[in-house]
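See below for the structure under consideration.
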Amino acid sequence: MQSTQPIREFAHHPRATITTSTTLREAAQVMYREDVGLAVVQSHNGVVLGLLSERDITTALAKGADPDRETVMVDMTRNVISVRPDDTVLDTVLLMLDDGIRHAPVIDEFGRLSGVVSVRDLLRPLVVQAMTPAR
Amino acid sequence: MRVIDTIRKSAVGVAPDTMLHEVAQLMEQATVASVAVIDGDRLVGIVTDRDLVRRGMAAGLTLHVVEYEDTRSR
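Shown next as structure tokens:
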């Protein structure tokens with residue numbers, strides 16, 4: 001792994017995508033089925049509108065939300081911090097550290113989602129690299 | 001360094017019959033992602049925010065009844 005490599009090479013396919021009309025319980029079911037802790041909220045034409053984490057759902061429950069009635073529109077994070085596919089690994093890591101985030105959607109110049117990059121996506125190749133004996 | 005040197009000394013504990021929405025409220029108030037489930041003086045499990053979402057809500061359980069046995073981490 002090189003710090004100058006584009007982040008698109010490490011991002012994963014977004015498995016959990018939902019819309020603003022998805023209820024909290026439906027979102028929880030999608031995240032459970034896809035085994036992820038974060039869902040991307042998209043418009044019907046694929047533009048990213050927000051992110052919903054398991055913690056966002058917990059916070060909504062604590063406030064007394066009815067998970068079968070309340071939609072993710074209410075509880076999603078709207079100010080999404082994203083990266084471009086050609087941004088470097090280093091730029092992405094610095095962004096994640098500065099903003100205290102563990103996931104960032106990868107969004108192309110048309111505002112469309114091309115992937116999600118997580119801290120885990122970046123740590124795994126680093127660990128593999130560190131454990132591979134030098135030739 | 002030992003694990004005992006890194007643990008929080010002020011963990012949040014709940015009784016087994018605590019309702020799930022109350023657990024969510026406790027997690028928010030204490031800004032923690034997990035709570036210990038204590039029966040008398042015995043630690044019987046841990047419930048995380050992921051457990052609440054996955055084993056509680058995603059499984060279709062109602063949040064205002066006792067479902068500790070279904071949701072706790074083992």
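These protein sequence lines map, in sequence, to chains A and B. Every letter in the first sequence is one number past the one before it in the working numbering, and letter 91, counting from 1, is 91. Every letter in the second sequence is one number past the one before it in the working numbering, and letter 65, counting from 1, is 65. Yeah, the Cβ is synthetic: ideal placement off N, Cα and C, and Gly gets one too. Computed from a predicted model, the values in this text were never measured in an experiment.
Residue i vs residue j beta-carbon contact at 7 Å
i                  : j                  : result
Ala-39 of chain A  : Leu-52 of chain A  : yes
Phe-104 of chain A : Ile-57 of chain A  : Residue 104 of chain A is actually Ala in this sequence, not Phe. In this structure, Ile-57 of chain A does not lie closer than 7 Å to Ala-104 of chain A by Cβ.
Met-31 of chain A  : Leu-126 of chain A : no
Val-72 of chain A  : Val-106 of chain A : no
Leu-90 of chain A  : Ser-3 of chain A   : yes
Val-32 of chain B  : Val-47 of chain B  : no
Val-128 of chain A : Ala-11 of chain A  : no
Glu-54 of chain A  : Arg-50 of chain B  : yes
Contacting residues, own chain, Cβ-Cβ under 8 Å from residue i (five flanking each side not counted)
i                 : result
Glu-34 of chain A : Arg-15, Ala-16
Arg-78 of chain A : Leu-49, Gly-50
Ala-65 of chain A : Leu-24, Val-74, Asp-75
Arg-74 of chain B : Bear in mind that a pLDDT of 47 at Arg-74 of chain B, under 50, signals an unreliable position, so the model cannot answer this.
Asp-99 of chain A : Ile-81
His-44 of chain A : Thr-19
Val-14 of chain B : Glu-22, Val-23, Leu-26, Val-35, Ala-36, Val-37, Ile-38, Val-47
Val-3 of chain B  : none
Min CB distance residue i to chain A below 7 Å
i                 : result
Met-27 of chain B : yes
Ala-15 of chain B : no
Ala-24 of chain B : yes
Met-19 of chain B : no
Ala-11 of chain B : no
Ala-58 of chain B : yes
His-64 of chain B : Caution is warranted here: a pLDDT of 45 is assigned to His-64 of chain B, below 50, making its placement in the model unreliable, and no coordinate value can be reported.
Within-7 Å CB hit, residue i to chain B
i                  : result
Thr-59 of chain A  : yes
Ala-62 of chain A  : yes
Ala-28 of chain A  : yes
Arg-102 of chain A : no
Arg-25 of chain A  : yes
Pro-85 of chain A  : no
Pro-14 of chain A  : no
Cβ shell of residue i (< 6 Å), same chain only, five flanking positions each side left out
i                  : result
Val-119 of chain A : Arg-102
Gly-111 of chain A : Val-47
Thr-88 of chain A  : Thr-4
Pro-6 of chain A   : Asp-86
Contact set for residue i: own chain, Cβ-Cβ below 7 Å, skip 5 residues either direction
i                  : result
Ser-158 of chain A : Chain A is shown only over 1 to 135; residue 158 of chain A falls outside these bounds and no answer can be derived.
Leu-43 of chain B  : Ala-36
Gln-42 of chain A  : Thr-17, Thr-19, Val-48, Leu-49, Leu-113
Problem set entry | Any alpha helix (DSSP H) of 4 or more consecutive residues that is wholly inside the segment 11–65 of chain B | Runs of the alpha helix (DSSP H) lying entirely within the segment 11–65 of chain B, each at least 4 residues long, are 20–30 in chain order.
For this session: Taking a Cβ distance cut-off of 7 Å, strictly less, list which residues of the segment 41–57 of chain A are near chain B, in chain order.
Result: Listed in sequence order: Glu-54, Arg-55, Ile-57.
For this session: Please list the residues of the segment 42–54 of chain B that have a C-beta atom closer than 8 Å to any C-beta atom in chain A, keeping them in chain order.
Result: For chain A, the residues of the segment 42–54 of chain B that bring a beta carbon within less than 8 Å of one of its beta carbons are Asp-49, Arg-50, Leu-52, Val-53, Arg-54, in chain order.
For this session: Mind checking the segment 114–129 of chain A against chain B and listing, in chain order, the residues whose C-beta falls within less than 7 Å of any C-beta there?
Result: If the cut-off is 7 Å between Cβ atoms, the segment 114–129 of chain A has nothing near chain B.
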